[in-house]
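Q: Residue numbers (the working numbering): 42 to 474.
Each residue gets a CB set at the ideal place from its N, CA and C atoms; glycine is no exception.
For reference, the structure I am asking about is given below.
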């Protein structure tokens, strides 16, 4: 069975909200073995929505719509979809009770307009909303299936997971299962070359993808059961691990920061940060992860040279002679953060994020990163090549933060052993005496 997803809402077309529903639904449907062929977005307009349904059903048997189920006159999804299948609307007493209870629990009066949401199509499977006021529904006619869900993810996701997913299982002929192998420090093309012979496999398939500063390989299998899919993927995942294992930071982990926090927690290690060009982004990304309080001691955003000196102990003569964007300043920042936070590791970043700096001989995108365990230093130099416009600034900050977090991960991964590329602290500073 093939499916098309239609997102309804003028606010999506205007870019006022980020549409995460299609990402969630595409993943869930893939696990069911249902192929998503198209994503469409249409505004709150009945004629355009009907035209979108015509096009969708001309190429798919299943259409899932999200949004446009509110109480206002421009919320037309339910009405258009019911009319498309020739279904009359009636007031569902149970749904009306749900809506009244929703407002009663919030201790606010229910607007009269919300009664509209209790109207549902006849001869349909009504989907009750436990997290809002808009019910969904499923209807079938002439071999076509339409599923209508509310737009807010907090309402749509549980409704799909608890009711729609089970309903659709009878139309599937197997499952599609994937593992995402995430890497850091190797580009998409270099990674692809290492596994080139695997990219032509048919089941499971192997596909490379890239994002800012990272690359991943998605291994996907289709089978009658989850166990069979796992059996098909296991030798491929093992071979990929042999070929690019040094760069892999996790399998089915959503980010390098989650992998890092998990590893620090596992080994009972802590970290403190000093940031300049990233402005606290490293600390934010780490503390976005639940449980980070166990491993994250502190972060210092040291934009000015004065703070670098007074708070982190960076030497004034080093700032004057080598500038704030230099290996020695990055090293002193990392050591200062470790001391200030009393952590096992210290890490720091300083650089030119962009988009432009007057009287600067160094290029925008020049970044120095330092990490330390108190005995050795690990220095990394980045030259991103992104130097024009605000997009360059965002890219440089994102990639810099990712590299800082990955350096912490590498320290934790090796612990209690030492990383081979480190340099003794006293040896490093001899060059700056």
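What first and last residue would you give for the beta strand (DSSP E) that runs through residue 252?
A: 246-252
Q: How would you call residue 368, buried or exposed, if buried means at least 16 neighbouring beta carbons within 10 angstroms?
A: buried
Q: Residue 233 to residue 453, Cα distance in whole Å?
A: 27 Å
Q: Is it the case that the Cβ atoms of residue 443 and residue 297 are separated by a distance below 9 Å?
A: yes
Q: Can you name the start and end residues of the beta strand (DSSP E) that residue 223 belongs to?
A: Bounds of the beta strand (DSSP E) holding residue 223 are 216-225.
Q: Within a Cβ cutoff of 6 Å, which residues of the same chain sit near residue 316, ignoring the five residues on either side of it in sequence?
A: 323, 342, 390
Q: Could you give the DSSP three-state label for residue 289: helix, strand or coil?
A: Reduced to three states, the DSSP call for residue 289 is strand.
Q: Across which residues does DSSP place residue 417 in a beta bridge pair?
A: 465
Q: Would you check if the segment 224-233 and the segment 264-274 touch, i.e. whether three or more CB-CB distances between them fall below 8 Å?
A: no
Q: To the nearest whole angstrom, what separates the beta carbons of residue 361 and residue 412, a pair I think is in contact under 8 Å?
A: Not a contact, Cβ separation roughly 25 Å.
Q: Thinking just about the alpha-carbon of each residue, which of 416, 327, 427 is nearest to the one in residue 408?
A: When only C-alpha atoms are compared, the closest one is 427.
Q: On the CB-based measure, 16 or more other CB atoms within 10 Å of its CB, does residue 64 come out buried or exposed?
A: By the 10 Å Cβ count, residue 64 comes out exposed.
Q: Could you name each continuous alpha helix (DSSP H) segment of 4 residues or more that falls completely within the segment 80-113, going from the start of the chain to the end?
A: 87-98, all fully within the segment 80-113.
Q: Please confirm whether residue 170 and residue 162 have their CB atoms less than 9 Å apart.
A: no
Q: What does a CB cutoff of less than 6 Å around residue 122 pick up in its chain, not counting 5 residues either side in sequence?
A: 187, 189
Q: How far does the alpha helix (DSSP H) with residue 72 in it reach, from first residue to last?
A: 62-73
Q: Might you give, ordered along the chain, the residues of its own chain that have their beta carbon closer than 8 Å to the beta carbon of residue 158, omitting 5 neighbours on each side?
A: Within the same chain, and ignoring the five residues on either side of residue 158 in sequence, the residues whose Cβ sits closer than 8 Å to its Cβ are 110, 111, 112, 136, 140, 174, 175, 176.
Q: Can you grab the Cα-Cα spacing for the pair residue 272 / residue 223, in whole Å?
A: Looking at the backbone, the Cα of residue 272 and that of residue 223 are separated by about 20 Å.
Q: Closest by CA to residue 340, which one among 105, 285, 382, 302?
A: 382
Q: Quick check on the DSSP output: what are the complete alpha helix (DSSP H) runs of length 4 or more inside the segment 176-206, in order along the chain?
A: Entirely contained in the segment 176-206, the alpha helix (DSSP H) runs reaching 4 residues are, in chain order, 194-200.
Q: Label residue 57 either buried or exposed according to how many other C-beta atoms from any shown protein chain fall within 10 Å of its C-beta, with 16 as the threshold for buried.
A: exposed
Q: Terminal residues of the continuous beta strand (DSSP E) containing residue 391?
A: 386-392
Q: Roughly how many angstroms separate the alpha carbons of residue 246 and residue 425, rounded to a whole number?
A: 32 Å
Q: If you draw a straight line from the alpha carbon of residue 91 to that of residue 49, how long is it in whole angstroms?
A: 11 Å
Q: Let me know the secondary structure DSSP gives residue 169 once reduced to three states.
A: Here DSSP, grouped into helix, strand and coil, assigns residue 169 to coil.
Q: DSSP three-state label for residue 423, please.
A: strand
Q: Counting Cβ pairs closer than 8 Å, one from the segment 348-355 and one from the segment 273-281, do we hit at least three?
A: no
Q: How many whole angstroms separate the CB atoms of residue 416 and residue 466, which I take to be in contact at a CB cut-off of 8 Å?
A: 7 Å
Q: Can you check whether the CB of residue 387 is closer than 9 Å to the CB of residue 379?
A: yes
Q: Between which two residues does the alpha helix (DSSP H) holding residue 126 run?
A: Looking at the DSSP string, residue 126 is not in any alpha helix (DSSP H), and its letter there is neither H nor E.
Q: By how many angstroms is the C-alpha of residue 81 removed from the C-alpha of residue 51?
A: 13 Å
Q: Short of 7 Å in beta carbon distance, which residues of its chain neighbour residue 450, apart from the five on each side in sequence? Order them along the chain.
A: 290, 297, 300, 301, 304
Q: What does the Cβ neighbour count give for residue 218, buried or exposed, with the cut at 16 atoms within 10 Å?
A: buried
Q: Starting from residue 350, trace the alpha helix (DSSP H) in both directions and tell me its first and last residue.
A: 346-351
Q: Please report the straight-line C-alpha distance between residue 196 and residue 239, rounded to a whole angstrom.
A: 40 Å
Q: Note down, in chain order, each residue of its chain lying with its Cβ closer than 8 Å to the Cβ of residue 459, except the 5 sequence neighbours on either side.
A: 414, 416, 417
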